[in-house]
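**Student:**
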Amino acid sequence: MDNYGFPEAGEHPADPPNYYPPYFSSERFQRLGYHVEELRDGFYWVTSGGYDAAFVVTNDGVLAIDAPPTIGENMLAAIEEVTDKPVTHVIYSHWHTDHIGAASVFGSGVEIVAHEITKELLERFPDPNRPLPTLTFDKDYTLNVGGVTLELSYKGENHCPGNIFIYAPAHRVLTVIDIISPGSATFMHCDASQNIMGWYQAQQQLTEFDFDFLVAGHHMSYGTPETVKASIEYFADVLDGAQAAVDRFSRSDALIGVLDGAGWDKVFVGTENWINSMANYATKYVLEKRSSNGQLWSERLAGVTTQTKYHAYTVLESIRLERPRPNYRLRGENAPPFLT
Numbered sequence: 058m059d060n061y062g063f064p065e066a067g068e069h070p071a072d073p074p075n076y077y078p079p080y081f082s083s084e085r086f087q088r089l090g091y092h093v094e095e096l097r098d099g100f101y102w103v104t105s106g107g108y109d110a111a112f113v114v115t116n117d118g119v120l121a122i123d124a125p126p127t128i129g130e131n132m133l134a135a136i137e138e139v140t141d142k143p144v145t146h147v148i149y150s151h152w153h154t155d156h157i158g159a160a161s162v163f164g165s166g167v168e169i170v171a172h173e174i175t176k177e178l179l180e181r182f183p184d185p186n187r188p189l190p191t192l193t194f195d196k197d198y199t200l201n202v203g204g205v206t207l208e209l210s211y212k213g214e215n216h217c218p219g220n221i222f223i224y225a226p227a228h229r230v231l232t233v234i235d236i237i238s239p240g241s242a243t244f245m246h247c248d249a250s251q252n253i254m255g256w257y258q259a260q261q262q263l264t265e266f267d268f269d270f271l272v273a274g275h276h277m278s279y280g281t282p283e284t285v286k287a288s289i290e291y292f293a294d295v296l297d298g299a300q301a302a303v304d305r306f307s308r309s310d311a312l313i314g315v316l317d318g319a320g321w322d323k324v325f326v327g328t329e330n331w332i333n334s335m336a337n338y339a340t341k342y343v344l345e346k347r348s349s350n351g352q353l354w355s356e357r358l359a360g361v362t363t364q365t366k367y368h369a370y371t372v373l374e375s376i377r378l379e380r381p382r383p384n385y386r387l388r389g390e391n392a393p394p395f396l397t
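First residue of the sequence shown: 58, per my numbering; consecutive thereafter.
#1: In this structure, how does DSSP classify residue 63 when only helix, strand and coil are distinguished?
#2: If you draw a straight line from the alpha carbon of residue 382 to that of residue 300, how long is it in whole angstroms?
#3: Which residue's Cα is closest to the Cα of residue 395: 306, 329, 362, 149?
#4: Below 8 angstroms, can you find three or more Cβ-Cβ pairs linking the region 262–282 to the region 233–252?
#5: If we require 3 or more residues per run, which beta strand (DSSP E) segments fall completely within the region 236–297?
#6: DSSP state of residue 222, grouped into three classes?
#7: Whose C-alpha, out of 251, 269, 244, 196, is nearest the C-alpha of residue 232?
#8: Secondary structure at residue 201, three-state DSSP: helix, strand or coil?
#9: So for residue 112, helix, strand or coil by DSSP?
#10: Between which two residues does the beta strand (DSSP E) harbouring residue 232 extend?
#11: Please report the distance separating the alpha-carbon of residue 291 from that of residue 149.
#12: Suppose the cutoff is 8 angstroms on Cβ atoms and the five residues either side in sequence are ignored; what does the same chain contact list for residue 284 look like?
#13: What does the Cβ neighbour count give for residue 183, buried or exposed, with the cut at 16 atoms within 10 Å?
#14: If I follow the unbroken alpha helix (DSSP H) through residue 174, where does it start and stop?
#15: Cβ-heavy atom distance between residue 315 and the ligand NAD below 7 angstroms?
#16: For residue 320 and residue 368, what's the separation of their Cα atoms in angstroms?
#17: Mind the definition here: the region 249–267 touches the region 166–186 only if three or more C-beta pairs lie below 8 angstroms; say whether that holds.
#18: Any idea if residue 317 is buried or exposed, counting beta-carbon neighbours within 10 angstroms, 16 or more meaning buried?
#19: Just grab the DSSP bridge partners of residue 100 for me.
#20: Kindly list the residues whose CB is nearer than 7 angstroms to the CB of residue 363, restricted to its own chain and excluding five residues on each side of it in sequence; keep chain order.
#21: So is residue 211 buried or exposed if we call it buried at 16+ other beta carbons inside 10 Å?
#22: Which parts of the region 292–371 are runs of the alpha helix (DSSP H), unbroken and 4 residues or longer, counting only runs that do not cross its ends?
#23: Which residue marks the beginning of the beta strand (DSSP E) containing residue 29, and which one marks its end?
#24: Do three or more CB pairs link the region 211–224 to the region 323–341 at distances below 8 angstroms?
#25: Suppose contacts are defined by Cβ-Cβ distances below 8 angstroms. Is residue 135 in contact with residue 242 by that definition?
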């Protein structure tokens, strides 16, 4: 495989020192594989140090939010650490198995709440470890259980169809999965999101909520308004770099120049060089730009030097596929350049 695929990541700077919280290196975490922490008044955050979920203890039982397989039965262990009340409700943030693929651990007697699109997708692609929702909604739904209120809302496709916002107003905790990853550049390709314009929009929608804590689905820590702002700023720079790359390299005359260089019997080689030129241009823009506090992004967020090139590719493709174009090819010979 040495001649194919991606090269090894190689040497990169260490992640920012404050990225790894104390629990991550603790003997308990290394032995049990999970950490549970109360955010406020019975609202708990559970993490495997890569994936996270949440639960709320109410007067009548426990409301669980998601069930990642990497946490698995540790969701039950975390709940049993703090209460002997049963789990009565499970909320699915969205249908992806990496976030709800252990939902079967809660048994068959729970109410499962999700967006109607999530149910439709799970019916289409059944999985015994992701039981079908028993209660669905379209736009908004307020769940009141045992003195606790959770406000569920769907603002349109972002990371995937059916991905919802879950807000606990009394606790000032917001749960929105796979939109940002606090303290890091997130996983490659904008966290494998499907609608990149919607994903960017969802970042701004996070700021419309009055929250102190964000359960975001991934990595080492829960989020705060400050970490949300940092992520939004980083991805704004990715968008700026990608737009500049598209403006420069995605012109029809630039494409022809790249294809000429590769040879017209190697069109796909030329196409890859053309796309790579844009991704590399955007990546250089982001990695060399000083952020608002004067630091490089690699000094502020973990994973920037490895993940930015994947984000750059995905965002420039969003520009080319999802966003309005300034022009198109005109008829006739020797037509003026246009964005391809």
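Heads up, the beta-carbon is just placed ideally off N, CA and C, and yes, glycines get one too.
Note that the structure is predicted; figures quoted are calculated from it, not measured.
**Tutor:** The relevant details are as follows:
#1: coil
#2: 11 angstroms
#3: 306
#4: yes
#5: 270–272
#6: strand
#7: 269
#8: strand
#9: strand
#10: 230–232
#11: 28 angstroms
#12: 237, 239, 240, 271, 278
#13: exposed
#14: 173–181
#15: This structure does not include the ligand NAD; it has no bound ligands of any sort.
#16: 29 angstroms
#17: no
#18: exposed
#19: 97, 113
#20: 66, 69
#21: buried
#22: 309–319, 324–345, 354–357
#23: This structure cannot speak to residue 29, because the chain is shown only from 58 to 397.
#24: no
#25: no
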